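Asks:
Protein chains: 2
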Amino acid sequence: MQTKKIPLDITKATTSRLAEVDFDNLVFGKYYTDHMMVCDYENGKWNTPKIMPYGPLSVEPSCKAFHYGQAIFEGMKAFKDENGKVWLFRPEENFNRANISCKRMAMPEFPKEYFFEALETLLKLDEAWIKAGDGNSLYIRPFVIATENGVSASPSSAYKFMIICCPAKAYYSSPVKVTIAQKYSRSADGGVGYAKAAGNYGASFYPTNLAKEKGYQQVIWTDASTHQYLEEAGTMNVFFRINNTLITAPTSDRILDGITRKSLIKLAQDQGLQVEIRRITVSELVDAAKNGSLKEMFGAGTAATIAPIEGFEYNGDYYELPEVKDAYSQYLKKSLQDIQYNRAEDKFGWRYEIQLDK
Amino acid sequence: MQTKKIPLDITKATTSRLAEVDFDNLVFGKYYTDHMMVCDYENGKWNTPKIMPYGPLSVEPSCKAFHYGQAIFEGMKAFKDENGKVWLFRPEENFNRANISCKRMAMPEFPKEYFFEALETLLKLDEAWIKAGDGNSLYIRPFVIATENGVSASPSSAYKFMIICCPAKAYYSSPVKVTIAQKYSRSADGGVGYAKAAGNYGASFYPTNLAKEKGYQQVIWTDASTHQYLEEAGTMNVFFRINNTLITAPTSDRILDGITRKSLIKLAQDQGLQVEIRRITVSELVDAAKNGSLKEMFGAGTAATIAPIEGFEYNGDYYELPEVKDAYSQYLKKSLQDIQYNRAEDKFGWRYEIQLDK
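First to last, the sequence lines map onto chains A and B. Take the first sequence: its position 144, counting from 1, is numbered 144 in full-length UniProt numbering, and each next residue is one higher. Take the second sequence: its position 19, counting from 1, is numbered 19 in full-length UniProt numbering, and each next residue is one higher.
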């Protein structure tokens, strides 16, 4: 996309905090880059986006985001290749999904040209925060919050669209054990599960804590009505490999339309792997685990990239997955990252270069 | 309850904004009283509650309440009787429910003695904001927000428990038309519908907007699985009077355990009315509307008190309710308010006096 002539209100930080960051012992979400983007919506329109030094907001206690959860977010990553070029991965997908989330939460949609102009300007300013090297990235967090003050349950008339960024390494460092939800639910038919609505995540923390107490790092959510269909893992979509077929649940109004998910589907299909996008039941999974046809399970998401699952719990029984040679998860992760880091041909046009003007 | 010796950190406002308030044309949620309560949770414990002048908070953009919706609230009212005494209505119920909501959202529970000491101190300081007279009250909004900074989806380690207050009149001024949900849902089995989680409200705004476009002020939510069972109205529980029987849905993990709801059940039973707490289907309601046995519908909640419903839409048909003499809704509203305003015997021990030390 060519840079549009969108006016931005830019205030540069006078000093950089980059030297404070210990990249060898990076704690995700501890350090934010020097700048952030803030765009205010009021009187029915989005104002000029502002790029300004990262810093606190002043909000009223009656801010509607606090009381009524009108808040959505996105997760993206910028990658630096060995020549110092900076790349985003399918950013239009994040932009589009942000607006899908906004619509479902009765929040105003954000203009595309504002998003790209502001994001590119922000990344140029904070480009030094993006480290090259496998697993390194800049995590980008666009989010929207309701900012009108009020304690009556109705949509806000004011919002902030913001982008903040922080340096990241891989999210999950080792294979995870998961448990399959039998009591708690993530979302309902006709609900907001397909949106990246803030409340979806907070709602999952308590059941996830219960899972962690039993030694499982994540919950695989099932449909709320029957708990028979496998859906997603809250911060990741989930793939199952039975024999040599890769299976993942179709998206729905309960399941997030993950960008990593759909990219992996495409990559797998492109490589001639058998991929089935269909509902899969817990009993099919348990049977496959028992008869040895379940070869792999893995989560897929922007933050986690691909998180191999080493086993799952269901109904009190733990099913450990076999160690497989030439795991699809490793192969697909490499294929994905080779595109993200500009090490492979971008045959689907997924890379988006940030013009650094060097 | 006797006032406990809980130390509070009190900073009084130097001037009052009370004179700015136009009580004759009160806009709900526009004016907040001079003081607020803020109590911080950090390092695994709640600090000393602070009473301080109402004013903005400084929060980081990465505040977890914004990103993951760890945020819950309560709604309460203080009433002033004709002798200037100030009364709360069943405040322990709100306190208990706040902690139920906190637990479900993986947030720490708040100490009871902190809550009551801080609330009473706050109300004493801002007592002049509470106006006597039917329909007048001080709306009290306790709420809890996650305040740790971070963009990884995990529970916050820091929180603020706050109480803010604003003068209120009756919430709905005229009877409402409602529509019965057939596509969208408020909550799932195993979800957070029974909690006053912020995200539950934001999630309802879009379907409510669609209803409003068709002339209906509220949605009566149905179960997400079948849309056959009538549940609640998002900001109110719902009662149906068929012939002379008052019916309301049982609470569940999808339905808020409303304090007005259970008080009305008790008042109705005490007066010898037939009350059934049971699941009620949409088809039963439609049949009752068609054969004339449906006499009344009304919502019940702290903000709305009792909101008579004049008709409902389902499947494209609109069912208007008859005008009834001696409506249960009016009778119950009067019974409830007589207790709240200290005009009637408090036989269930629901009133809670704020000792004004005059």
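Cβ coordinates follow ideal geometry from the N, Cα and C atoms, glycine included. None of these values were measured; they are calculated from a predicted model.
Check this for me: beta carbons of ALA289(B) and LEU264(B), under 8 Å apart or not?
Replies: For the purposes of this step, residue 289(B) is taken as the residue at position 289 of the second sequence. For the purposes of this step, residue 264(B) is taken as the residue at position 264 of the second sequence. Not a contact, by the Cβ cut-off of 8 Å.
Asks: Is GLN2(A) close to chain B? Criterion is C-beta to C-beta, closer than 8 Å.
Replies: By one-based count along the first sequence, residue 2(A) stands at place 2. Because the pLDDT at GLN2(A) is just 49, under 50, the model does not fix this residue reliably, and the value given afterwards should be weighed accordingly. It does not; no Cβ of chain B falls within 8 Å.
Asks: Name the chain B residues that come within less than 7 Å of MET76(A), Cβ to Cβ?
Replies: As a first step, residue 76(A) is located in the first sequence; it is residue number 76 there, counting from the start. Within chain B, no residue comes near MET76(A); the closest Cβ sits about 11 Å away, beyond 7 Å.
Asks: Kindly identify the DSSP beta-bridge partner or partners of GLY301(A).
Replies: Within the first sequence, the letter at position 301 stands for residue 301(A). Answer is THR305(A), bridged to GLY301(A).
Asks: Taking Cβ-Cβ distances below 9 Å as the criterion, which residues of the region 44 to 64 of chain A are in contact with chain B?
Replies: Listed by position along the chain: TYR54, GLY55, PRO56, LEU57, SER58, VAL59, GLU60, PRO61, SER62, CYS63, LYS64.
Asks: Since ILE145(B) meets chain A, which of its residues come closer than 7 Å, beta carbon to beta carbon?
Replies: The count along the second sequence starts at 1 and reaches residue 145(B) at position 145. Under the 7 Å cutoff, chain A gives PHE66.
Asks: Please determine if the region 5 to 16 of chain B and the region 124 to 144 of chain A are in contact, where contact requires at least 3 C-beta pairs separated by less than 8 Å.
Replies: Counting Cβ pairs under 8 Å, fewer than three are found: no touch.
Asks: Which residues does DSSP pair with PRO53(B) in a beta bridge?
Replies: The count along the second sequence starts at 1 and reaches residue 53(B) at position 53. Beta-bridge pairing links PRO53(B) to HIS35(B).
Asks: Could you have a look at THR245(A) and say whether DSSP puts it in helix, strand or coil?
Replies: Sequence index remark: in the first sequence, residue 245(A) carries index 245 (1-based). Note: THR245(A) maps to strand in three-state DSSP.
Asks: What's the C-alpha gap between GLY156(B) and LEU246(B)?
Replies: The residue given as residue 156(B) occupies position 156 in the second sequence. The residue given as residue 246(B) occupies position 246 in the second sequence. The sequence shown places Ser at residue 156(B), rather than the Gly named in the question. Rounded to whole angstroms, SER156(B) to LEU246(B) spans 43 Å at the Cα level.
Asks: Does the beta-carbon of ARG278(B) have 16 or more other beta-carbons within 10 angstroms, so that it is buried, or is it exposed?
Replies: Here the question's residue 278(B) lines up with position 278 in the second sequence. ARG278(B) should be labelled exposed.
Asks: Counting Cβ pairs, one atom from each stretch, are 3 or more of them under 8 Å apart for the region 63 to 70 of chain B and the region 318 to 337 of chain B?
Replies: No, they do not touch.
Asks: Residues in the same chain with beta-carbon distance under 7 Å from THR222(A), minus the five sequence neighbours each way, listed in chain order, please.
Replies: Position 222 of the first sequence, counting from 1, holds the residue named residue 222(A). Cβ neighbours of THR222(A) beyond the five flanking positions: ILE180, ALA181, GLN228, TYR229, LEU230, GLU231, VAL282.
Asks: Check whether the Cβ atoms of TYR31(A) and PRO167(A) sit closer than 8 Å, and answer yes or no.
Replies: The sequence position of residue 31(A) within the first sequence is 31, counting from 1. The sequence position of residue 167(A) within the first sequence is 167, counting from 1. In this structure, PRO167(A) lies closer than 8 Å to TYR31(A) by Cβ.
Asks: Can you name the residues of chain B whose CB is closer than 8 Å to the CB of ILE164(A)?
Replies: Residue numbering aside, residue 164(A) sits at position 164 when the first sequence is read from its first letter. Those are PRO61, SER62, VAL151, listed as they occur along chain B.
Asks: Taking Cβ positions, are ILE140(A) and LYS85(A) nearer each other than 8 Å?
Replies: Locating residue 140(A) in the first sequence gives position 140, counting from the first residue. Locating residue 85(A) in the first sequence gives position 85, counting from the first residue. Not a contact, by the Cβ cut-off of 8 Å.
Asks: Could you give the residue range of the alpha helix (DSSP H) that holds SER137(A)?
Replies: As a position in the first sequence, residue 137(A) is number 137, starting the count at 1. Unbroken run through SER137(A) is the beta strand (DSSP E), 137 to 146; no alpha helix (DSSP H).
Asks: Please list, in chain order, the chain A residues whose beta carbon lies closer than 8 Å to that of SER187(B).
Replies: Position 187 of the second sequence holds residue 187(B). What SER187(B) touches in chain A: ALA188, GLY191.
Asks: CB VAL238(A) to CB MET297(A), shorter than 8 Å?
Replies: As a working note, residue 238(A) is residue 238 in the first sequence. As a working note, residue 297(A) is residue 297 in the first sequence. It is a contact, given that the beta carbons lie within the stated cut-off.
Asks: List the DSSP bridge partners of ILE277(A).
Replies: If you number the first sequence from 1, residue 277(A) lands on position 277. ILE277(A) pairs with THR248(A).
Asks: Taking Cβ-Cβ distances below 8 Å as the criterion, which residues of the region 212 to 226 of chain A are in contact with chain B?
Replies: Within the region 212 to 226 of chain A, the residues whose Cβ lies closer than 8 Å to some Cβ of chain B are ALA224, SER225, listed in chain order.
Asks: Just mark residue 362(A) as buried or exposed, buried being the case when its beta carbon has 16 or more other beta carbons within 10 Å.
Replies: Because chain A is modelled from 1 through 358, residue 362(A) falls outside the range shown and cannot be assessed.
Asks: Pop quiz: LEU356(A) and GLU127(A) are said to be a contact at Cβ under 8 Å. What is the actual Cβ separation, rounded to whole angstroms?
Replies: The residue given as residue 356(A) occupies position 356 in the first sequence. The residue given as residue 127(A) occupies position 127 in the first sequence. Confirmed, about 6 Å.
Asks: Whole angstroms is fine: what's the gap from VAL286(B)'s alpha carbon to VAL176(B)'s?
Replies: Walking along the second sequence from the start, residue 286(B) turns up at place 286. Walking along the second sequence from the start, residue 176(B) turns up at place 176. Their Cα atoms are separated by approximately 18 Å.
Asks: Which of the three DSSP states, helix, strand or coil, is assigned to GLN2(B)?
Replies: Within the second sequence, the letter at position 2 stands for residue 2(B). With a pLDDT of 49 at GLN2(B), under the threshold of 50, the modelled position of this residue cannot be trusted; read the value that follows with caution. In the structure shown, GLN2(B) sits in coil (DSSP, three-state: anything other than H, G, I, E or B).
Asks: Start and end of the beta strand (DSSP E) containing LYS124(B)?
Replies: Translated into positions along the second sequence, residue 124(B) becomes position 124. That residue, LYS124(B), is in no beta strand (DSSP E); its alpha helix (DSSP H) goes 112 to 125.
Asks: Using three-state DSSP, classify ASP24(B) as helix, strand or coil.
Replies: Within the second sequence, the letter at position 24 stands for residue 24(B). Of the three classes helix, strand and coil, the one that applies to ASP24(B) here is helix, per DSSP.
Asks: Taking all protein chains shown into account, do 16 or more other C-beta atoms lie within 10 angstroms of the C-beta of ASP22(A), making it buried, or fewer, making it exposed?
Replies: The residue you call residue 22(A) lines up with position 22 of the first sequence. It is exposed - the Cβ of ASP22(A) has fewer than 16 other Cβ atoms within 10 Å.
Asks: Using 8 Å as the cut-off, can you tell me whether the region 45 to 57 of chain A makes contact with the region 25 to 43 of chain B, which would need three or more C-beta pairs spanning the two stretches below that distance?
Replies: Because the criterion of three Cβ pairs below 8 Å is not met, the region 45 to 57 of chain A and the region 25 to 43 of chain B do not touch.
Asks: Can you tell me which of LYS160(A), PRO91(A), LYS5(A) puts its alpha carbon nearest to the alpha carbon of residue 384(B)?
Replies: As displayed, chain B neither begins before 1 nor continues past 358, which places residue 384(B) out of reach and without an answer.
Asks: What's the call for MET1(B), buried or exposed, on a 16-neighbour Cβ count within 10 Å?
Replies: One-based indexing of the second sequence puts residue 1(B) at position 1. Any reading at MET1(B) must be qualified, since the residue scores a pLDDT of 47, below 50, and its modelled position is unreliable; the value itself is stated next. Classification of MET1(B): exposed, given that the 10 Å Cβ count is below 16.
Asks: Does any residue of chain A bring its CB to less than 8 Å from the CB of LYS201(B)?
Replies: Within the second sequence, numbered from 1, the residue matching residue 201(B) stands at position 201. One detail in the question is off: residue 201(B) reads as Tyr in this sequence, not Lys. Yes, TYR201(B) lies at the interface with chain A (some Cβ there is under 8 Å from its Cβ).
Asks: With a Cβ-Cβ cutoff of 8 Å, do PRO56(A) and VAL59(B) count as a contact?
Replies: As a working mapping, residue 56(A) is identified with position 56 in the first sequence. As a working mapping, residue 59(B) is identified with position 59 in the second sequence. Yes. Within cutoff.
Asks: For a cutoff of 8 Å on Cβ pairs, would you count PHE69(B) as touching chain A?
Replies: Your numbering for residue 69(B) matches position 69 in the second sequence. Here the sequence assigns Gly to residue 69(B), which means Phe is not the residue at that position. Taking Cβ atoms only, chain A reaches closer than 8 Å to GLY69(B), which makes this a yes.
Asks: Given a cut-off of 8 Å, decide if MET107(B) and ALA158(B) are closer than it, judged by their beta-carbon atoms.
Replies: In the second sequence, residue 158(B) corresponds to position 158, counting from 1. In the second sequence, residue 107(B) corresponds to position 107, counting from 1. Cβ distance not < 8 Å, so ALA158(B) and MET107(B) don't count as in contact.
Asks: Does any C-beta atom of chain A lie closer than 8 Å to the C-beta of LYS183(B)?
Replies: Here residue 183(B) refers to the residue found at position 183 of the second sequence. True, the Cβ-Cβ gap to chain A drops below 8 Å.
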